[in-house]
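Take the sequence shown: its letter number 274 is residue 274 in UniProt numbering, and every next letter is one higher.
Think of the CB as a built atom: it goes at the ideal place given N, C-alpha and C, for glycine as much as any other residue.
In this text the structure is predicted, and so the values were computed from the model without any measurement.
Below is one structure, written out as structure tokens; comments come after it.
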Amino acid sequence: MAKIGNIDVGDFPLLLAPMEDVSDPPFRALCKEQGADVVYTEFISSEGLIRDAAKSTMKLDIYEKERPVGIQIFGAELDSMLKSVEIVEKSNPDIIDINFGCPVKKVVSKGAGAGILKNIDLMVSLTEAMVKHTNLPITVKTRLGWDNDSIKILEVAERLQDVGCKAISIHGRTRVQMYKGEANWAPIAEVKNNPRMHIPVFGNGDVDTPERAMEMRDKFGLDGAMIGRASIGYPWFFREVKHYFETGIHLAPPNMLERLDAARRHLQMAIDWKGEKLGVFETRRHYTNYFKGIPHFKEYRMKMVTSDDAADVFAAFDEVERDFADFQFA
């Protein structure tokens with residue numbers, strides 16, 4: 001059983017990765033229903049929190065049905081990170097996660113996210129200060145290193161553990177790779193197999209089939225899998241992995257009515273949480289995967305992703321139900 005601090009997260013937990021404009025409360029709710037063991041918020045700027053920026057503070061919304069839930073923050077300034085911890089605590093999450101892995105230029109250019117991989121001492125000192133500043137478990141999400149010539153993840157993981165980090169999630173790419181090429185899980189396994197390590201080590205990157213999740217568990221011996229892109233528009237991925245673990249058999253994909261129900265609920269929850277304009281806009285990225293595999297679907301998808309009016313999107317869902325209710329997904 002893996003434990004994050006005193007939180008029992010189960011045997012090889014599946015974690016929903018923090019993804020900007022994806023891992024919001026509506027989507028987290030759907031993933032939780034389908035078997036996600038731990039969910040994380042979108043990453044939140046520490047500078048935005050202390051300025052009380054509306055977009056940042058809105059991301060602090062968490063709900064009882066999500067637990068255990070982690071709030072993820074990023075930054076590179078000690079004072080800002082400590083103040084943001086105090087703000088985050090008021091939302092009463094189960095976990096505070098630090099993003100030391102985001103490769104996006106606007107984050108990296110400020111020395112935050114994966115940018116801090118160029119300054120391991122700062123990475124460790126920030127983590128230590130945050131651990132001392134809260135009673136909540138502090139965890140870290142990071143990458144293998146800045147580039148292939150500076151991979152020091154074995155040392156980094158040890159040092160983070162030594163200053164009180166309660167779990168580490170490692171994406172199997174460097175910052176320079178961004179999301180290109182294949183994720184390399186071997187260095188993550190080295191971290192896990194280091195006899196000095198005793199905190200959970202979770203793998204991230206390219207867990208896109210149940211077989212890959214099983215490989216991460218059985219071949220690489222990791223403590224859990226963090227699921228990102230495979231879940232976008234497909235929250236059923238979590239239940240499919242768990243079914244495969246239990247039976248060795250692939251679960252039949254959700255039928256059309258299940259997909260439509262999820263899409264409708266997703267959109268309505270998004271509207272209820274962030275208003276019609278943002279709710280409609282930020283659910284668009286999910287529709288390709290909700291309805292992937294349907295032939296001659298472009299006309300329907302275009303209606304879903306080009307209208308700013310929720311009524312038009314719901315009408316498009318109705319058209320899909322009318323025209324494809326009996327469609328069988330492979």
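Assuming contact is defined by CB atoms lying nearer than 9 Å, are residue i and residue j in contact in what I supplied?
i    : j    : result
V241 : A262 : no
I153 : M130 : no
F220 : I168 : no
A112 : R175 : no
V38  : V85  : no
V140 : L117 : no
I120 : V69  : no
E89  : T134 : yes
E158 : N204 : no
P187 : D223 : no
G164 : E128 : yes
D312 : M256 : no
In this structure, how does DSSP classify residue i when only helix, strand and coil are distinguished?
i    : result
G140 : Contrary to the premise, residue 140 reads as Val rather than Gly in this sequence. Correct three-state label for V140: strand.
F43  : strand
L251 : coil
G10  : strand
K3   : strand
N204 : strand
V38  : strand
L160 : helix
S23  : coil
L16  : strand
S307 : coil
H171 : strand
I271 : helix
Assign residue i to one of two classes, buried (16 or more other C-beta atoms within 10 Å of its C-beta) or exposed (fewer than that).
i    : result
T247 : exposed
I50  : buried
Q72  : buried
A17  : buried
D94  : buried
S109 : exposed
T306 : exposed
E47  : buried
Could you tell me which of the options sits nearest to residue i, measuring between CA atoms?
i           : options                   : result
R264        : S307, A17 and A315        : A315
N92         : S45, A183 and I62         : I62
residue 332 : M226, E128, H286 and K292 : Residue 332 falls outside the range modelled here, since the chain spans only 1 to 330, and no answer is possible.
E282        : K292, G293, H266 and G75  : H266
Chain C beta carbons: is any one of them nearer than 9 Å to that of residue i?
i    : result
T139 : Annotation note: the requested chain C is absent from the structure, which comprises a single protein chain.
Would you list, in sequence order, the uninterrupted alpha helix (DSSP H) runs of no fewer than 4 residues that lie entirely inside the stretch 63-149? Counting only runs that start and end inside the stretch 63-149, the alpha helix (DSSP H) elements of at least 4 residues fall at 78-89, 105-108 and 120-133.
If you scan the stretch 207-244 from start to end, which runs of the beta strand (DSSP E) of 3 or more residues do you find wholly inside it? Here the runs fully enclosed are 224-227.
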